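As structure tokens, the structure follows; a few thoughts come after it.
Residue numbers (the numbering used here), protein chains in the order written: chain A, 1182 to 1330; chain B, 1182 to 1330.
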């Protein structure tokens, strides 16, 4: 079984799109993560949901986490208004520490599993000719490896 | 809004339970991850799905990933039979690099968000008196922060 057999269509977001759209897309579609594409369409980051969540945490809280306790009752509206007008590029954390969770259409199921485990990513982007053709998610890989699919 | 308001019941697995059970639980219930508990009931690891997936990757493939390409067609049955009889403790990766994704029932929504982002974890265990009382998952936190819930 290869990546092309396991891939499903997957929403992506452009680096110049609003950061709030990325968080909303993730929340509304209950995605495990999101693929960020450059203006030329090339996927440049695969962000697990826990890293998209970071977009919503005000910088002053990330700098001084004791504030997270004090301002726990801050309204959602205040949080999201701070994010309004900022692009994905502006709120992206630094360059990824590990490798990009990207595979080819002919990658094997074990190659995808090794990549997911190493990149700590619940999804892998399937890329052909620098274009995103779909995503393989963790449940698909687990099902395939356990012989459930 | 506090952890106790956002928590949902969450399946856990004992360190001495079969590793295959952890992978099956994750696959069947489509969980984002799993809480591993010590024999005395104390949660000791919060494993994102991508790390439970690691249980299913044979050690010789983790040691030499080029094998993942060659043996891509190895049957699921052969993979799971290699895992049979091994406990969670036996297949756990080394000690976690970061902090444990654990909070108290009175942790604030922003504290949980900071913890998820820092621990790269799609779930946080809510613990009281060294007992697991539930989990907060990423979609719940996103919904709450975006004012969708």
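Even glycine gets a Cβ: it sits at the ideal position worked out from N, Cα and C.
Remember, predicted model here, so these are calculated numbers, not experimental data.
Checklist entry - Using a Cβ cut-off of 7 Å, which residues of the region 1275-1295 of chain A contact any Cβ in chain B, in chain order? => result 1289, 1290, 1291, 1292, 1294 and 1295
Next on the checklist: Between A:1326, A:1206 and A:1281, which has its C-alpha nearest residue 1192 of chain A's C-alpha?
Outcome noted: Here residue 1192 of chain A is taken as the residue at index 11 of the first chain, counted from 1. Selected option, being the one with the closest Cα: A:1206.
Next on the checklist: Can you tell me where the alpha helix (DSSP H) holding residue 1231 of chain A begins and where it ends?
Outcome noted: Within the first chain, the letter at position 50 stands for residue 1231 of chain A. From DSSP, the alpha helix (DSSP H) with residue 1231 of chain A extends over 1230-1234.
Checklist entry - With residue 1214 of chain B and residue 1296 of chain B assumed to form a contact (beta carbons below 8 Å), what rounded beta-carbon distance in angstroms separates them? => result In the second chain, the residue the question calls residue 1214 of chain B occupies position 33. In the second chain, the residue the question calls residue 1296 of chain B occupies position 115. About 13 Å separates the two Cβ atoms, so there is no contact after all.
Item to check | Span of the alpha helix (DSSP H), counted from its first residue to its last, around residue 1209 of chain B | outcome: Taking the second chain and counting its residues from 1, the one referred to as residue 1209 of chain B is at position 28. Residues 1200-1210.
Checklist entry - What residue does the alpha helix (DSSP H) around residue 1299 of chain A start on, and which one ends it? => result One-based indexing of the first chain puts residue 1299 of chain A at position 118. First-last of the alpha helix (DSSP H) with residue 1299 of chain A: 1290-1300.
Checklist entry - Listed in chain order, which residues of the region 1316-1327 of chain A have Cβ atoms closer than 8 Å to some Cβ of chain B? => result 1319, 1320, 1322, 1323, 1324, 1325, 1326 and 1327
Checklist entry - First and last residue of the alpha helix (DSSP H) that includes residue 1184 of chain A? => result The residue labelled residue 1184 of chain A in the question sits at position 3 within the first chain. Unbroken alpha helix (DSSP H) run through residue 1184 of chain A: 1184-1187.
Next on the checklist: Using beta carbons (cut-off 9 Å, strictly below), is residue 1229 of chain B in contact with chain A?
Outcome noted: Here residue 1229 of chain B is taken as the residue at index 48 of the second chain, counted from 1. It does; some Cβ of chain A falls within 9 Å.
Checklist entry - In the region 1195-1208 of chain B, which residues sit with their C-beta less than 9 Å from some C-beta in chain D, listed in chain order? => result Here chain D cannot be found, since the structure's protein chains are A and B.
Next on the checklist: Assuming contact is defined by CB atoms lying nearer than 9 Å, are residue 1294 of chain B and residue 1237 of chain A in contact in what I supplied?
Outcome noted: Reading the second chain from its first residue, position 113 is the one you call residue 1294 of chain B. Reading the first chain from its first residue, position 56 is the one you call residue 1237 of chain A. Result yes, Cβ atoms of residue 1294 of chain B and residue 1237 of chain A sit closer than 9 Å.
Next on the checklist: 9 Å is my cut-off, CB to CB: does residue 1145 of chain A come that close to chain B?
Outcome noted: A question about residue 1145 of chain A goes unanswered here, because the residues of chain A that appear run from 1182 up to 1330.
Checklist entry - Measuring CB to CB, does residue 1226 of chain A end up less than 9 Å from residue 1242 of chain A? => result Numbered from its first residue, the first chain carries residue 1226 of chain A at position 45. Numbered from its first residue, the first chain carries residue 1242 of chain A at position 61. Going by C-beta atoms, residue 1226 of chain A is not nearer than 9 Å to residue 1242 of chain A.
Item to check | Contacting residues, own chain, Cβ-Cβ under 7 Å from residue 1203 of chain B (five flanking each side not counted) | outcome: As a working note, residue 1203 of chain B is residue 22 in the second chain. For residue 1203 of chain B, where only same-chain residues beyond five positions count, the Cβ hits under 7 Å are 1194, 1215, 1233, 1236 and 1269.
Checklist entry - Span of the beta strand (DSSP E) holding residue 1306 of chain A? => result For the purposes of this step, residue 1306 of chain A is taken as the residue at position 125 of the first chain. Residues 1304-1309.
Checklist entry - Quick one: is residue 1275 of chain A buried, meaning 16 or more other Cβ sit within 10 Å of its Cβ, or exposed? => result Position 94 of the first chain, counted from the first residue, corresponds to residue 1275 of chain A. Exposed, by the Cβ-count rule.
Item to check | Partner residues on chain A for residue 1235 of chain B, Cβ-Cβ distance less than 7 Å | outcome: Stepping through the second chain from its first residue, residue 1235 of chain B is reached at position 54. Those are 1298, listed as they occur along chain A.
Checklist entry - How would you list, in chain order, the residues of chain A whose beta-carbon sits under 9 Å from the beta-carbon of residue 1213 of chain B? => result Position 32 of the second chain, counted from the start, is the residue given in the question as residue 1213 of chain B. Here the neighbours are 1213, 1230, 1303 and 1319.
Checklist entry - Hey, would you say residue 1267 of chain A sits closer than 9 Å to residue 1199 of chain A, going by beta carbons? => result Within the first chain, the letter at position 86 stands for residue 1267 of chain A. Within the first chain, the letter at position 18 stands for residue 1199 of chain A. Yes, Cβ-Cβ distance for residue 1267 of chain A and residue 1199 of chain A is below 9 Å.
Next on the checklist: By the three-class DSSP mapping on this structure, what secondary structure does residue 1313 of chain A have?
Outcome noted: Taking the first residue of the first chain as 1, we reach residue 1313 of chain A at position 132. Looking at residue 1313 of chain A - three-state DSSP - the assignment turns out to be strand.
Checklist entry - beta strand (DSSP E) containing residue 1217 of chain B: first to last residue? => result Reading the second chain from its first residue, position 36 is the one you call residue 1217 of chain B. From DSSP, the beta strand (DSSP E) with residue 1217 of chain B extends over 1214-1218.
Checklist entry - What is the residue span of the alpha helix (DSSP H) that residue 1247 of chain B lies within? => result Mapped onto the second chain, residue 1247 of chain B falls at position 66. Run containing residue 1247 of chain B: none; DSSP gives neither H nor E here.
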